[in-house]
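Engineer:
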Amino acid sequence: MPQRELFLGLMSGTSMDGLDVVLVEFDSAQPELLQHRQYPIDDQLQQQLHTLCHESPDELHLWGMADRCFSEFCAAAVNDFLAYYNISPSAITAIGSHGQTVRHQPDQSPAYTLQLGDPNTLAVLTSIPVIADFRRKDVALGGQGAPLVPAFHQAIFSSFDESRVILNLGGIANITWLPGTPAGVTGFDTGPANTLLDRWFKACHPNHDDDFDRHGAFAAHGQVLDDVLAKLLNDDYFKRSPPKSTGRDDFNLTWLEKHLGDLAQFKAEDLQATLVELTACTVTQAIKDWLPERPETIFVAGGGAYNPILMSALKAKLPHCGWHATSVLGVAPQHVEAMAFAWLARCYMHRVPGNLPAVTGASRPTILGGLYLP
3 MPQRELFLGL
13 MSGTSMDGLD
23 VVLVEFDSAQ
33 PELLQHRQYP
43 IDDQLQQQLH
53 TLCHESPDEL
63 HLWGMADRCF
73 SEFCAAAVND
83 FLAYYNISPS
93 AITAIGSHGQ
103 TVRHQPDQSP
113 AYTLQLGDPN
123 TLAVLTSIPV
133 IADFRRKDVA
143 LGGQGAPLVP
153 AFHQAIFSSF
163 DESRVILNLG
173 GIANITWLPG
183 TPAGVTGFDT
193 GPANTLLDRW
203 FKACHPNHDD
213 DFDRHGAFAA
223 HGQVLDDVLA
233 KLLNDDYFKR
243 SPPKSTGRDD
253 FNLTWLEKHL
263 GDLAQFKAED
273 LQATLVELTA
283 CTVTQAIKDW
293 LPERPETIFV
303 AGGGAYNPIL
313 MSALKAKLPH
323 CGWHATSVLG
333 VAPQHVEAMA
343 FAWLARCYMH
353 RVPGNLPAVT
363 GASRPTILGG
373 LYLP
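In this note's numbering, each residue's number is its place in the sequence shown (first place is 1) plus 2.
1. For my contact list, Arg266 and Gln225 are in at a C-beta cut-off of 8 Å; report their separation, rounded to the angstrom.
2. Are the CB atoms of Ala282 and Leu316 nearer to each other than 8 Å?
3. For Asn196, which of helix, strand or coil comes out of DSSP?
4. Would you identify the three-state DSSP class for Val226, choosing helix, strand or coil?
5. In terms of alpha-carbon separation, which member of Ser247, Asn81, Asp45 lies closest to Ala68?
6. Go ahead and label Ile102 buried or exposed: buried means 16 or more other beta carbons lie within 10 angstroms of its beta carbon, across all protein chains shown.
7. Where Met3 and Ser161 are concerned, what is the direct C-alpha to C-alpha distance, given to the nearest angstrom?
8. Quick one: Cα of Phe253 to Cα of Gly193, how far?
9. Measuring CB atoms only, is the stretch 342-349 touching the stretch 46-54, in the sense that at least three cross pairs come out at less than 8 Å?
10. Taking the alpha-carbon of Ser92 as reference, which of Phe9, Leu36, Lys241, Ala270 has the nearest alpha-carbon?
11. Going by C-alpha to C-alpha distance, which of Asp191, Gly356, His261, Ala185 sits closest to Ser243?
12. With distances taken Cα to Cα, identify the nearest neighbour of Phe28 among Thr362, Pro184, Leu47, Ile94.
13. Within a Cβ cutoff of 7 Å, which residues of the same chain sit near Ala79, ignoring the five residues on either side of it in sequence?
14. Nearest to Thr16 by CA position, among Gln37, Asp82, His100, is which residue?
15. Look up Thr299 in the DSSP assignment and give the residues it is bridged to.
16. How do the stretch 111-125 and the stretch 364-374 stand: do at least 3 beta-carbon pairs fall below 8 Å, yes or no?
17. When the Cα atoms are used, what is the spatial distance from Gln37 to Gly173?
18. Mind checking Arg250: buried by the 16 CB within 10 Å criterion, or exposed?
19. Roughly how many angstroms separate the alpha carbons of Leu35 and Val26, rounded to a whole number?
20. What is the DSSP secondary structure of Gly263, counted as helix, strand or coil?
21. What whole-angstrom Cβ distance do Gln48 and Asp82 have, given they're in contact under 8 Å?
22. Kindly list the residues whose CB is nearer than 6 Å to the CB of Glu271, restricted to its own chain and excluding five residues on each side of it in sequence; keep chain order.
23. Who are the near neighbours of Glu61 in its chain, counting only those whose CB is closer than 8 Å to its CB and skipping five residues on each side?
24. Give the DSSP bridge partners of Ala96, in chain order.
25. Put Glu57 into one of helix, strand or coil per three-state DSSP.
26. Is the distance from the Cβ of Thr128 to the Cβ of Ile97 below 8 Å?
27. For Leu150, write down the residues that DSSP places opposite it in a beta bridge.
28. Mapping the DSSP letters down to three states, classify Pro42 as helix, strand or coil.
29. With distance defined between alpha-carbon atoms, name the residue in Trp292, Leu143, Glu164 nearest to Lys241.
30. Does the distance from the C-beta atom of Val230 to that of Leu255 stay below 8 Å?
31. Out of Gln110, Gly356, Ala344, Ser365, which one is the CA nearest neighbour of Pro131?
32. Does the stretch 193-205 touch the stretch 304-316, meaning 3 or more C-beta pairs lie closer than 8 Å?
33. Using 10 angstroms around the beta-carbon of Asp211, count the other beta-carbons present and answer buried if the total reaches 16, otherwise exposed.
34. Less than 8 Å between the CB atoms is what I'm expecting for Leu150 and Phe136, so what's the real figure, rounded?
35. Using three-state DSSP, classify Phe220 as helix, strand or coil.
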């Protein structure tokens with residue numbers, strides 16, 4: 003009988019507003035989500051993280067401070083999580099910690115990707131081994147270092163009965179193509195999703211209790227600006243063929259201003275509605291352009307799955323596909339990515355490659371991450 007193993011998965015996405023912590027049980031290759039909690043990132047730490055996403059003075063000092071502060075925040079979250087569920091640290095095989103991406107430039111020469119959150123500090127403060135630094139081995143092998151979740155999608159969401167797409171609507175949107183056979187799995191980042199929606203909403207509502215447009219209510223009051231949408235869709239990223247990946251250092255308010263000029267010339271809710279349409283257009287066009295056939299079913303993960311305005315826009319563009327949240331496959335949309343990094347940590351411990359070269363462009367499959375002991 004396979005040995006039961008417990009892993010924690012930690013994920014903080016491009017929105018930088020919170021840390022998802024999940025407890026995952028493995029008694030075979032198939033994982034089971036046992037518990038989950040989200041921990042909000044306080045305003046001061048959020049500001050440190052946002053600052054590091056762009057060029058700024060004294061970056062090395064800011065990096066060093068944020069690296070420790072974020073890892074201490076993660077450790078406090080883990081310790082609270084374990085206390086809340088009455089779990090001993092010794093029961094956990096390892097923590098899979100993604101860290102916080104602050105720069106992702108896989109197309110630079112030389113290419114690089116940077117995630118902060120010192121795993122040494124996390125291991126010491128939790129007394130649990132940590133697997134971290136998942137992306138840079140793939141980059142070292144000529145890959146994009148992203149997206150990494152398609153391997154997890156293949157492991158737990160694929161079906162021999164139908165072709166599927168797993169659409170992750172996080173800060174960045176990415177898709178995983180799962181044909182009815184094991185061969186041919188692919189995936190890539192399609193462009194912005196919540197990162198632009200959240201940043202524009204926050205810029206327009208600096209004192210709002212929410213950091214995002216809950217239920218798409220703000221966008222619902224706006225009208226899509228077709229001429230603005232056309233300018234945004236002309237960005238070179240959307241025309242590039244996969245493998246490709248991107249991040250918030252590419253898609254941000256500065257990117258909007260570069261394409262549109264002074265954003266104050268637009269009604270705020272109209273621009274929000276247009277950004278929703280941008281995500282819907284780029285996701286569905288990527289499916290039409292780069293996948294070998296139309297999927298029968300699309301399963302949606304990430305926070306965008308809870309935005310009914312965005313979901314309506316997507317469904318209108320691919321009406322003949324079945325659309326479902328990943329909940330129907332057993333994992334709620336907001337837990338998929340954190341669960342993926344628990345799975346990648348287990349892959350490391352069992353010496354199993356965690357990347358898909360067809361997705362990232364790496365020269366070969368490889369074991370991802372490194373081990374950091376308490």
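Ideal placement from N, C-alpha and C gives every residue a C-beta, glycine not left out.
Structural biologist: Reading off the structure:
1. Reading off the sequence, residue 266 comes out as Ala, not Arg. That pair is no contact at about 17 Å.
2. Yes; because the gap between Cβ atoms is below 8 Å, this pair is in contact.
3. helix
4. coil
5. With distances taken between Cα atoms, Ala68 lies closest to Asp45.
6. Looking at the sequence itself, residue 102 is Gln, so the reference to Ile does not match. It is buried - the Cβ of Gln102 has at least 16 other Cβ atoms within 10 Å.
7. Because the pLDDT of Met3 is 47, which lies under 50, any placement of that residue in the model is unreliable, and the question is left without a value.
8. 8 Å
9. no
10. Considering only Phe9, Leu36, Lys241, Ala270, the residue with the shortest C-alpha distance to Ser92 is Phe9.
11. Asp191
12. For Phe28, the closest alpha carbon among the candidates Thr362, Pro184, Leu47, Ile94 is that of Ile94.
13. Excluding its 5 nearest sequence neighbours in each direction, Ala79 has C-beta neighbours in its own chain below 7 Å: Leu21, Val23, Tyr41, listed in chain order.
14. His100
15. Arg166, Gly324
16. yes
17. 23 Å
18. buried
19. 5 Å
20. coil
21. So it is not a contact: roughly 19 Å between Cβ atoms.
22. Beyond the five residues adjoining it in sequence on each side, Glu271 comes within less than 6 Å, by CB distance, of Phe220, His223, Gly224 in the same chain, given in chain order.
23. Same-chain partners within the cutoff: Leu54.
24. Phe9
25. coil
26. yes
27. Paired residues: none, contrary to the question.
28. strand
29. Closest by alpha carbon: Trp292.
30. no
31. Of the candidates Gln110, Gly356, Ala344, Ser365, the one whose C-alpha sits nearest the C-alpha of Pro131 is Ala344.
32. yes
33. exposed
34. Correct: roughly 6 Å between the Cβ atoms.
35. helix
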